[in-house]
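Chemist: Residues 5 to 191, numbered by our numbering, are exactly what the sequence shown covers, in order. Glycine residues also receive a C-beta, built at the ideal position from the N, C-alpha and C atoms. Could you have a look at this structure, given as C-alpha coordinates, before my questions?
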Amino acid sequence: GAAPMIHEALTVGLRGKTGHVPTEGGPISVIVVRSAAEAAGHIAEWQALAERTADANVFYEPWCFLPALERFGDGKDTCLLFLYQTNILGARLAAVFPLERRQTFHGLPLRHLVAWRHPHLFLAQPLVDPRVSVQAWRQFLHWARQDKAWFVDFPEMVASSQCSAALQAAAGRRCHAVESFERTILL
5 GAAPMIHEAL
15 TVGLRGKTGH
25 VPTEGGPISV
35 IVVRSAAEAA
45 GHIAEWQALA
55 ERTADANVFY
65 EPWCFLPALE
75 RFGDGKDTCL
85 LFLYQTNILG
95 ARLAAVFPLE
105 RRQTFHGLPL
115 RHLVAWRHPH
125 LFLAQPLVDP
135 RVSVQAWRQF
145 LHWARQDKAW
155 FVDFPEMVAS
165 SQCSAALQAA
175 AGRRCHAVES
185 FERTILL
(Lines of atoms letter the chains of each structure in order from A and count residues from 1; the text may use other names and numbers.)
(Lines give C-alpha, C1' and ligand atoms only; values in the text may rest on other atoms or scores of the structure.)
Protein backbone atom coordinates (compact mmCIF):
# COMPACT_ATOMS: atom_id res chain seq x y z
CA GLY A 1 0.00 0.00 0.00
CA ALA A 2 0.90 3.66 0.00
CA ALA A 3 1.29 5.99 2.96
CA PRO A 4 1.97 9.74 3.20
CA MET A 5 5.22 10.92 4.74
CA ILE A 6 5.78 14.53 5.74
CA HIS A 7 9.01 16.00 4.39
CA GLU A 8 10.40 19.40 5.26
CA ALA A 9 12.99 21.78 3.92
CA LEU A 10 15.32 22.89 6.74
CA THR A 11 17.66 25.88 6.53
CA VAL A 12 20.31 26.70 9.14
CA GLY A 13 21.84 30.18 9.38
CA LEU A 14 25.58 30.15 10.11
CA ARG A 15 26.52 33.74 10.92
CA GLY A 16 27.38 34.75 14.48
CA LYS A 17 29.42 33.13 17.21
CA THR A 18 30.50 29.57 16.57
CA GLY A 19 30.94 28.39 20.14
CA HIS A 20 32.68 25.29 21.44
CA VAL A 21 32.00 21.90 19.86
CA PRO A 22 31.70 19.36 22.71
CA THR A 23 33.56 16.07 22.31
CA GLU A 24 31.62 13.52 24.38
CA GLY A 25 32.83 10.06 23.42
CA GLY A 26 35.83 11.43 21.54
CA PRO A 27 36.55 14.20 19.04
CA ILE A 28 35.01 14.20 15.58
CA SER A 29 37.22 15.03 12.61
CA VAL A 30 36.07 16.04 9.13
CA ILE A 31 37.48 14.58 5.92
CA VAL A 32 36.46 16.37 2.71
CA VAL A 33 36.34 14.26 -0.47
CA ARG A 34 35.80 15.79 -3.91
CA SER A 35 35.27 12.75 -6.16
CA ALA A 36 33.92 9.21 -6.28
CA ALA A 37 37.49 7.92 -6.67
CA GLU A 38 38.56 9.65 -3.44
CA ALA A 39 35.53 8.19 -1.62
CA ALA A 40 36.60 4.61 -2.42
CA GLY A 41 38.65 4.31 0.78
CA HIS A 42 35.56 5.06 2.89
CA ILE A 43 33.05 2.64 1.32
CA ALA A 44 33.18 -0.15 3.95
CA GLU A 45 32.69 2.27 6.87
CA TRP A 46 30.09 4.19 4.85
CA GLN A 47 28.01 1.06 4.24
CA ALA A 48 28.31 0.07 7.91
CA LEU A 49 27.03 3.52 8.91
CA ALA A 50 24.11 3.19 6.47
CA GLU A 51 23.14 -0.06 8.19
CA ARG A 52 23.18 1.38 11.72
CA THR A 53 21.65 4.80 11.13
CA ALA A 54 18.24 5.45 12.67
CA ASP A 55 16.99 7.06 9.45
CA ALA A 56 17.71 5.04 6.32
CA ASN A 57 18.38 6.87 3.06
CA VAL A 58 19.11 4.56 0.15
CA PHE A 59 19.98 7.56 -2.07
CA TYR A 60 23.01 8.36 0.10
CA GLU A 61 24.26 4.79 0.49
CA PRO A 62 27.54 4.27 -1.41
CA TRP A 63 26.18 1.74 -3.94
CA CYS A 64 23.47 4.23 -5.01
CA PHE A 65 25.18 7.57 -4.41
CA LEU A 66 28.51 7.03 -6.20
CA PRO A 67 27.02 6.07 -9.60
CA ALA A 68 24.59 9.00 -9.30
CA LEU A 69 27.49 11.35 -8.57
CA GLU A 70 29.32 10.06 -11.64
CA ARG A 71 26.19 10.60 -13.78
CA PHE A 72 24.82 13.87 -12.37
CA GLY A 73 27.78 15.54 -10.64
CA ASP A 74 29.43 17.28 -13.60
CA GLY A 75 29.52 21.05 -13.39
CA LYS A 76 28.65 21.15 -9.71
CA ASP A 77 30.98 22.04 -6.85
CA THR A 78 30.29 18.79 -5.00
CA CYS A 79 31.97 17.44 -1.89
CA LEU A 80 31.39 14.56 0.48
CA LEU A 81 32.08 15.10 4.16
CA PHE A 82 33.06 12.07 6.19
CA LEU A 83 32.93 12.74 9.94
CA TYR A 84 34.93 10.26 12.00
CA GLN A 85 34.76 10.01 15.78
CA THR A 86 38.00 8.90 17.41
CA ASN A 87 38.28 7.27 20.83
CA ILE A 88 40.50 4.67 22.50
CA LEU A 89 39.04 1.97 20.24
CA GLY A 90 39.99 3.82 17.04
CA ALA A 91 38.06 5.84 14.46
CA ARG A 92 34.46 5.13 13.49
CA LEU A 93 32.40 6.88 10.83
CA ALA A 94 29.82 9.10 12.53
CA ALA A 95 28.21 10.83 9.53
CA VAL A 96 28.28 11.33 5.76
CA PHE A 97 27.14 14.66 4.29
CA PRO A 98 26.90 14.86 0.48
CA LEU A 99 26.96 18.58 -0.34
CA GLU A 100 27.05 21.09 -3.13
CA ARG A 101 28.68 24.48 -2.68
CA ARG A 102 26.83 27.35 -4.32
CA GLN A 103 27.99 30.95 -4.69
CA THR A 104 24.62 32.63 -5.26
CA PHE A 105 21.11 32.36 -3.86
CA HIS A 106 18.31 33.68 -6.08
CA GLY A 107 20.79 35.99 -7.82
CA LEU A 108 22.34 37.29 -4.60
CA PRO A 109 26.03 36.67 -3.82
CA LEU A 110 25.41 34.40 -0.81
CA ARG A 111 27.79 31.47 -0.55
CA HIS A 112 25.91 28.50 0.92
CA LEU A 113 25.81 24.73 1.09
CA VAL A 114 22.94 22.52 0.01
CA ALA A 115 22.41 18.79 0.39
CA TRP A 116 23.46 17.23 -2.93
CA ARG A 117 20.58 16.10 -5.11
CA HIS A 118 19.84 14.85 -8.61
CA PRO A 119 16.57 14.55 -10.59
CA HIS A 120 15.78 11.05 -9.29
CA LEU A 121 16.57 11.60 -5.59
CA PHE A 122 13.61 11.98 -3.25
CA LEU A 123 15.32 12.21 0.14
CA ALA A 124 18.28 14.50 0.86
CA GLN A 125 18.88 13.46 4.46
CA PRO A 126 22.48 12.71 5.48
CA LEU A 127 23.51 9.47 7.13
CA VAL A 128 24.22 10.10 10.81
CA ASP A 129 25.05 7.63 13.58
CA PRO A 130 22.22 7.96 16.15
CA ARG A 131 24.64 7.52 19.07
CA VAL A 132 26.49 10.74 18.24
CA SER A 133 23.97 12.56 16.05
CA VAL A 134 23.80 15.93 17.85
CA GLN A 135 27.58 16.04 18.27
CA ALA A 136 28.06 15.15 14.57
CA TRP A 137 25.64 17.90 13.50
CA ARG A 138 27.46 20.43 15.71
CA GLN A 139 30.79 19.47 14.15
CA PHE A 140 29.25 19.71 10.67
CA LEU A 141 27.83 23.19 11.38
CA HIS A 142 31.21 24.28 12.77
CA TRP A 143 32.90 23.05 9.58
CA ALA A 144 30.29 24.83 7.41
CA ARG A 145 30.99 28.14 9.21
CA GLN A 146 34.71 27.66 8.61
CA ASP A 147 33.89 26.99 4.94
CA LYS A 148 32.45 30.54 4.91
CA ALA A 149 28.88 29.49 4.08
CA TRP A 150 26.10 31.87 5.08
CA PHE A 151 23.63 29.05 5.51
CA VAL A 152 23.05 25.35 4.87
CA ASP A 153 19.95 24.06 3.11
CA PHE A 154 18.52 20.55 3.50
CA PRO A 155 15.54 20.64 1.10
CA GLU A 156 14.17 17.14 1.65
CA MET A 157 14.32 15.65 5.14
CA VAL A 158 11.72 13.53 6.91
CA ALA A 159 10.05 15.83 9.45
CA SER A 160 9.66 13.15 12.12
CA SER A 161 13.16 11.69 11.73
CA GLN A 162 15.77 11.38 14.45
CA CYS A 163 18.20 13.06 12.03
CA SER A 164 15.97 16.14 11.70
CA ALA A 165 15.50 16.34 15.49
CA ALA A 166 19.27 16.13 16.03
CA LEU A 167 19.90 18.93 13.53
CA GLN A 168 17.33 21.11 15.27
CA ALA A 169 18.90 20.33 18.67
CA ALA A 170 22.39 21.16 17.39
CA ALA A 171 21.41 24.36 15.58
CA GLY A 172 18.83 25.66 18.03
CA ARG A 173 17.12 28.89 16.95
CA ARG A 174 19.19 29.04 13.76
CA CYS A 175 17.27 26.10 12.23
CA HIS A 176 14.09 26.95 10.35
CA ALA A 177 11.61 24.77 8.50
CA VAL A 178 11.01 26.84 5.37
CA GLU A 179 8.64 24.38 3.70
CA SER A 180 6.68 21.28 4.61
CA PHE A 181 5.15 18.86 2.10
CA GLU A 182 3.67 15.38 1.87
CA ARG A 183 5.25 12.64 -0.23
CA THR A 184 3.59 9.29 -0.78
CA ILE A 185 5.75 6.24 -0.19
CA LEU A 186 5.09 2.65 -1.12
CA LEU A 187 5.13 0.16 1.72
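Using three-state DSSP, classify histidine 46 as helix, strand or coil.
Modeler: Walking along the sequence shown from the start, residue 46 turns up at place 42. Note: histidine 46 maps to helix in three-state DSSP.
Chemist: Any contact of the stretch 46-60 with the stretch 128-146, i.e. 3+ C-beta pairs under 8 Å?
Modeler: At 8 Å Cβ cutoff, the stretches touch.
Chemist: Exposed or buried, what is alanine 128 when buried is set at 16 or more other beta-carbons lying within 10 Å of its beta-carbon?
Modeler: As a first step, residue 128 must be located in the sequence shown, where it is residue number 124. When all chains shown are included, alanine 128 counts as buried.
Chemist: As a quick exercise: from Ile92, Ser39, Ala99, Leu114, pick the residue whose alpha carbon is nearest that of lysine 152.
Modeler: Numbered from 1 along the sequence shown, position 148 holds the residue referred to as residue 152. It is Leu114 whose Cα lies nearest to the Cα of lysine 152.
Chemist: Suppose you measure from the CA of glutamate 65 to the CA of alanine 119; what does that come to, to the nearest Å?
Modeler: Translated into the one-based positions of the sequence shown, residue 65 becomes position 61. Translated into the one-based positions of the sequence shown, residue 119 becomes position 115. Glutamate 65 and alanine 119: Cα-Cα distance of roughly 14 Å.
Chemist: What first and last residue would you give for the beta strand (DSSP E) that runs through glutamate 104?
Modeler: Looking up residue 104 in the sequence shown gives position 100. Element bounds for glutamate 104: 94-106.
Chemist: Three-state secondary structure (DSSP) at leucine 85?
Modeler: The count along the sequence shown starts at 1 and reaches residue 85 at position 81. Note: leucine 85 maps to strand in three-state DSSP.
Chemist: Express the C-alpha separation of tyrosine 88 and alanine 99 in angstroms, rounding to a whole number.
Modeler: Taking the sequence shown and counting its residues from 1, one reaches residue 99 at position 95. Taking the sequence shown and counting its residues from 1, one reaches residue 88 at position 84. Their Cα atoms are separated by approximately 7 Å.
Chemist: Considering only residues of the stretch 136-170, which uninterrupted alpha helix (DSSP H) runs meet the minimum length of 4 residues and lie entirely inside it, listed in chain order?
Modeler: Complete alpha helix (DSSP H) runs here, min 4: 137-150.
Chemist: Using 8 Å as the threshold, is the stretch 90-99 in touch with the stretch 145-159, meaning 3 or more CB pairs across them?
Modeler: With the cut-off at 8 Å, the stretch 90-99 and the stretch 145-159 do not touch.
Chemist: Exposed or buried, leucine 93, counting other C-beta atoms within 10 Å across all chains shown (16 or more means buried)?
Modeler: As a first step, residue 93 must be located in the sequence shown, where it is residue number 89. The residue is exposed, with fewer than 16 neighbouring Cβ atoms inside 10 Å.
Chemist: Could you tell me the distance, in whole angstroms, from the CA atom of alanine 173 to the CA atom of valine 138?
Modeler: Numbered from 1 along the sequence shown, position 169 holds the residue referred to as residue 173. Numbered from 1 along the sequence shown, position 134 holds the residue referred to as residue 138. Going from the Cα of alanine 173 to the Cα of valine 138 covers about 7 Å.
Chemist: Quick check on this structure: which residue in Ala140, Phe109, Ser184 has the alpha carbon closest to the alpha carbon of phenylalanine 155?
Modeler: Along the sequence shown, one-based indexing puts residue 155 at 151. Closest option to phenylalanine 155, Cα to Cα, is Phe109.
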